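So the number in the working numbering is just where the residue sits in the first sequence, counting from 1, plus 1049.
Even glycine gets a Cβ: it sits at the ideal position worked out from N, Cα and C.
Please read all numbers here as calculations on a predicted model, not as lab measurements.
Taking it in order: structure first as structure tokens, then the write-up.
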Amino acid sequence: MKEVRVRFAPSPTGDLHIGGVRTALFNWLYAKNKNGKFILRIENTDEVRSTETSTRVILDAMKWLELNWDEGPDKELPKYAPYYQMKRKELGIYKKYSNELVAKGFAYPCYCTHGEVDKLRKEAHANKFSPKYNGRCRNLTSEQRLQKKKEGKKLVVRFKMPKSGITILNDLVRGKVEFDNFLLDDFIIMKANGVPTYNFACVIDDYLMDITHVLRGDDHISNTPRQIQIYNALGWKVPEFAHMAMILGADGTRLSKRHGHISVLEYMKEGYLQEALINYLALLGWSTEDSQQMFNIEELIKKFSIERCVASPSIFDPGKLLWLNGKKIRSKTVGQIYELFIEWLKYTNNEKIIESWDRELLKKAIALEHDKIKLLKDIPLLVDFFFVKDVDYNDDAVKKTLLSEKSKNTIKFVLIASVDRLKNQQDFSSVALEKCIRDLTAEKGIKTWQVFHPIRVAVSGRTQGPSLFHMMELMGKDEVVRRLNVAVSKFFNFGGKNV
RNA sequence: GCUCCCAUCGUCUAGGGGUCUAGGACACAGGAUUUUCAAUCCUGCAACACGAGUUCAAAUCUCGUUGGGAGCGCCA
């Protein structure tokens, strides 16, 4: 059996987005599953829109996703290099095959200007045909060509599509798809600037790189018959094709900026885990027989297959991604989450957030909030109150829990009593603290929540947080007593202010 | 407009002629637990786009309709 070789071929004209990642992922999974090679090729033939920055961003995103390539930029195999199409263009690779096609009569120079082609297109449209170039330069004599050349006309090279018959695509996910050749026009394979077009470069490179399977989005399906015709003209074997359905936004249209985050980097910045994004994207357009939801990467590799990819498009659901991310985080140990968090701070240049934080205290705080973390960026919001000198009291929390008209006096009394008890508390473990406070409520005949809630707010400034006594244990006696005293004097010792 | 693709709960999907009163997951609602918010567990809500045909039998096969998507560039 021939070694499976698949590729992901992004064009560096922007960030790597969700749809691109899914395509990359499926190629990568297929390669790993078949013990084959995953190749990264940069299709930068759009000289206007391609940028080095974008190339960098895509490479970084691929690295963050851990979709490592066996061959590609920074990992060039002499046999197949280079992996940038513009570098290949410099080597004359495309020119060579373009000349061959012209020599064999499968392609021809065309001297039509943009304006002329536009006109033809409009005419075709008016005649209810698919817009198409009518092949007016197809049968130019060599004299006419010479004449055009003398006039200094720029030329492009067009491929001669058969005027009749059908082109058949046997797609791995869609089965047999037929295209009427008559409806396909003579498309350009070499632009006037000597750069190949996508449809041409793609075929040449896939062939030269020994690509065995082309897995890509189905927005490419109508390009496929053109590409198949090039393979045929050159006498090359056509690779296997598998067109995956697209990922759409909530409104059912193509995923775009207005559907929220679309760039992978934005998910990274939000604190999504690489593995959560991978797991979620694997579920879009692929499934196992038992509808398994959670996978680790090894399982995905083992279970992935093209046969189980669906042909219908799917809608991107940020809610499920978020759930999956929380699930993945919860499945990790505190140590792992801490490391991930530190890494995330570095990636996002947010290290200053925890600059003054005690790392051991941070780890323990993360442990307390372990089950509540959905995104890495949540962590500071969840535990920051442990590290502040002056508690940031939430207005609503204070109003509701500390200064409620009905029980203000009880609360003041309770807080002062608590300080008294806690000051003399030898054992500051959560268990002992709970007993201590419960005893207090029992003695004074107060409901537990009437004490628990005020203490929570007094000590943390908010109504939500970790389990109360664990939180107090972690803060330590001195800090708890200090914060309680601060709260009492701040909210209850200035009668005039808070009446 | 033309070509191609697609069609099961709101969403991702399982199912591929009888085992389907259609299964799982997210979301949503209710409950349990709890000092709060979560997490967790339980329960519930909720779908075969429509119409013909084939067949003893159709979510499943065929055709049509409708709806959605993609492509129709010297973009990829």
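Item	Value
Give me, in chain order, the residues of the same chain whose beta-carbon lies closer than 6 Å to that of CYS1159; leave out the 5 immediate sequence neighbours on both sides.	CYS1186, VAL1205 and ARG1207
For GLU1492, which of helix, strand or coil comes out of DSSP?	helix
Out of curiosity, what's the CA-to-CA distance linking LYS1352 and SER1312?	27 Å
Are the CB atoms of LEU1264 and ASN1076 nearer to each other than 8 Å?	yes
When you compare only the Cα positions, how much space is there between PHE1501 and LYS1423?	26 Å
Terminal residues of the continuous alpha helix (DSSP H) containing CYS1159?	From DSSP, CYS1159 is part of no alpha helix (DSSP H) but of the beta strand (DSSP E) over 1156-1159.
Measuring CA to CA, which of LYS1138, LEU1370, LEU1314 and LYS1421 is closest to LYS1381?	LYS1421
Contact defined as beta carbons within less than 8 Å: I believe PHE1228 pairs with THR1216. What is the distance between those atoms, to the nearest angstrom?	5 Å
Using only the alpha-carbon positions, how far apart do GLN1385 and SER1336 sit?	29 Å
Please report the distance separating the alpha-carbon of PRO1362 from that of GLU1319.	26 Å
If I follow the unbroken alpha helix (DSSP H) through HIS1174, where does it start and stop?	1163-1175
For MET1111, does the three-state DSSP call read helix, strand or coil?	helix
For VAL1221 and ALA1152, which I take to be in contact (beta-carbon distance under 8 Å), what is that distance rounded to the nearest angstrom?	Just to set this straight, residue 1221 is Leu in the shown sequence, not Val. Not really, about 34 Å apart at Cβ, beyond 8 Å.
Measuring alpha carbon to alpha carbon, tell me which of SER1467, HIS1519, CYS1358 and GLU1483 ends up nearest ASN1534.	SER1467
For the structure I just gave you, are there three or more beta carbon pairs, one from the stretch 1274-1283 and one from the stretch 1251-1261, closer than 8 Å?	yes
Helix, strand or coil for LYS1181, going by three-state DSSP, please let me know.	coil
Which same chain residues end up closer than 7 Å to THR1273 when comparing Cβ atoms and leaving out the 5 residues on each side of it in sequence?	LEU1218 and PHE1290
Between ALA1080 and ARG1098, what straight-line distance do the alpha-carbon atoms span, to the nearest angstrom?	30 Å
Using DSSP's beta-bridge definition, name the partner residues of ALA1565.	Because the chain spans 1050 through 1548 in this model, residue 1565 falls outside it and cannot be assessed.
Could you give the first and the last residue of the continuous alpha helix (DSSP H) run that contains GLY1069?	1067-1082
Of the residues VAL1053, ASP1064, ARG1071 and GLU1192, which one's Cα is nearest the Cα of LEU1333?	ARG1071
Any contact of the stretch 1090-1108 with the stretch 1116-1135, i.e. 3+ C-beta pairs under 8 Å?	yes
Taking the alpha helix (DSSP H) that GLU1580 falls in, what are its first and last residues?	Look at the range of the chain in this structure, 1050 to 1548, and you will see that residue 1580 is not part of it.
Is the number of C-beta pairs between the stretch 1506-1514 and the stretch 1447-1465 that are closer than 8 Å three or more?	yes
Might you give, ordered along the chain, the residues of its own chain that have their beta carbon closer than 7 Å to the beta carbon of LYS1240, omitting 5 neighbours on each side?	VAL1205 and THR1246
What does a CB cutoff of less than 6 Å around GLY1544 pick up in its chain, not counting 5 residues either side in sequence?	Annotation note: pLDDT 48 at GLY1544 (below 50); position unreliable, coordinate value reported separately. Correct list: empty, nothing qualifies.
With a CB to CB cut of under 6 Å and the five nearest residues on each side skipped, what residues in its chain are close to GLY1298?	LEU1304 and HIS1308
Give the straight-line distance between the Cα atoms of ILE1428 and LYS1412, rounded to the nearest whole angstrom.	11 Å
Report the partner residues of THR1094 according to the DSSP bridge assignment.	Looking at the DSSP assignment, THR1094 forms no beta bridge with any residue, so it has no partner.
What span of residues does the alpha helix (DSSP H) with ASP1220 cover, start to end?	First-last for ASP1220: 1215-1220, but that is the beta strand (DSSP E), not the alpha helix (DSSP H).
What residue does the beta strand (DSSP E) around GLU1227 start on, and which one ends it?	1224-1229
Please state whether the Cβ-Cβ distance between GLY1375 and GLY1068 is less than 8 Å.	no
Can we say the stretch 1116-1130 touches the stretch 1167-1174, given the rule of at least three CB pairs closer than 8 Å?	no
How would you label GLU1388, buried or exposed, when you count the other beta carbons within 10 angstroms and need 16 or more for buried?	exposed
Can you give me the start and stop residues for the alpha helix (DSSP H) that ARG1470 sits inside?	1457-1472
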